[in-house]
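Enquirer: Before I ask anything, let me first share the structure, which is written out below as structure tokens.
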Amino acid sequence: MTAPSLTRLVDTWIDGFATSRSVPVRRRGGVVEVEVGGAERRLELVLVEPGQDLLHETWGRLVGTGDVWSTIFTRDSPRVALPAGLRVALSDERLMTVDLTTAGLAAAAPPAPWELDVTATGERVAVRLLDGDRVAASGQLGLVGQDAIFDRIGTEAEYRRRGLATVVMNALAAWAVAQGARRGILAASVEGQALYRRLGWVPVAGMLTVAGSGE
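According to the numbering used here, the sequence shown is numbered sequentially starting from 123.
Here it is as structure tokens:
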């Protein structure tokens, strides 16, 4: 595949994130506003390799708030000095991609005694791995054309280190490929990056998320 521009890749990730979570997105002058709607993170302001003027203007909107966050994407790990009134909320996350046509997906069927539940609605699919009536692991994705944006991949604490997240990832990928998807995109936490690398994903950009200190 031809490498896309980082702006186009992040735009696709945002659109898939919005599809996955059914949240609105607005684009205004180089800033993408995502209405996350969470108690801790209500509004996310996304920037891609911003210039200093745009960065400082955007960060000014965070000062005095606690629930407005901003994420910067760069080809390298972002290194910036924070002004007063801001804090680092998340660091060392990575935007990662995989070619789903060559990923060599394992069978999506879970090992006993787990039950795989797949619920698809339009361009969105959610996968749960069940232990009876308990959710052991889960994930979801949103489709944007031939791109599948993986989201909310997680395993409950008591079920970790059993390969369940791999089963969820493979089930999501298998569904996406069946819909015509060719590439996977996700924002990877520090904890998740090792798993995704084992599954063939590669980092393409660094991420830094800052928030207002609430003061």
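Ideal Cβ positions, reconstructed from N, Cα and C, are used throughout, including at glycine.
1. Taking Cβ positions, are Val156 and Ala140 nearer each other than 9 Å?
2. Within 10 angstroms of its Cβ, does Leu265 collect 16 or more other Cβ (buried), or is it exposed?
3. Within this structure, are the beta carbons of Thr223 and Gly334 separated by less than 9 Å?
4. When you measure from the CB of Gly182 to every non-hydrogen atom of the ligand FMN, does any distance come out below 8 Å?
5. Identify, in the order they occur along the chain, each residue of the same chain with its Cβ nearer than 7 Å to the Cβ of Gly302, setting aside the five sequence neighbours on each side.
6. Would you please state the rounded distance, in angstroms, between the beta carbons of Leu217 and Trp135? I believe it to be under 8 Å.
7. When you compare each of Val312, Val132, Val158, Pro200 to Gly173 by their alpha carbons, which one comes out closest?
8. Assign Thr124 to buried or exposed, taking buried as 16 or more other Cβ atoms, counted over all protein chains shown, within 10 Å of its Cβ.
9. Please state if the CB of Arg250 and the CB of Thr243 are separated by a distance shorter than 9 Å.
10. Identify the residues that DSSP records as bridge partners of Phe272: which are they?
11. Please classify Ala206 as buried or exposed, where buried requires at least 16 other C-beta atoms within 10 Å of its C-beta.
12. In or out: Ser144 buried (at least 16 other Cβ within 10 Å) or exposed?
13. What is the residue span of the beta strand (DSSP E) that Ser142 lies within?
Expert: Looking at the atomic coordinates:
1. Here residue 156 refers to the residue found at position 34 of the sequence shown. Here residue 140 refers to the residue found at position 18 of the sequence shown. Contact: yes.
2. Translated into positions along the sequence shown, residue 265 becomes position 143. Under this definition Leu265 is a buried residue.
3. Position 101 of the sequence shown, counted from the first residue, corresponds to residue 223. Position 212 of the sequence shown, counted from the first residue, corresponds to residue 334. It is not a contact, given that the beta carbons lie outside the stated cut-off.
4. In terms of ligand content, the structure shown is empty, and the ligand FMN therefore cannot be addressed.
5. For this step, residue 302 is matched to residue 180 along the sequence shown. Here the set comprises Gln268.
6. Locating residue 217 in the sequence shown gives position 95, counting from the first residue. Locating residue 135 in the sequence shown gives position 13, counting from the first residue. With a Cβ gap of about 7 Å, Leu217 and Trp135 count as contacting.
7. Start at 1 with the first residue of the sequence shown, and residue 173 comes out as number 51. Looking at the Cα atoms, Pro200 is the closest of the given residues.
8. Residue numbering aside, residue 124 sits at position 2 when the sequence shown is read from its first letter. Any reading at Thr124 must be qualified, since the residue scores a pLDDT of 45, below 50, and its modelled position is unreliable; the value itself is stated next. By the 10 Å Cβ count, Thr124 comes out exposed.
9. Working through the sequence shown from its first residue, we reach residue 243 at position 121. Working through the sequence shown from its first residue, we reach residue 250 at position 128. It is not a contact, given that the beta carbons lie outside the stated cut-off.
10. Numbered from its first residue, the sequence shown carries residue 272 at position 150. DSSP lists Leu263 as partners of Phe272.
11. To locate residue 206, count along the sequence shown from 1; it is residue 84. It counts as exposed.
12. On the sequence shown, position 22 is the one that residue 144 refers to. Ser144 is exposed by the Cβ-count criterion.
13. Taking the sequence shown and counting its residues from 1, the one referred to as residue 142 is at position 20. Where Ser142 is concerned, there is no enclosing beta strand (DSSP E), although the alpha helix (DSSP H) it sits in stretches over 128 to 143.
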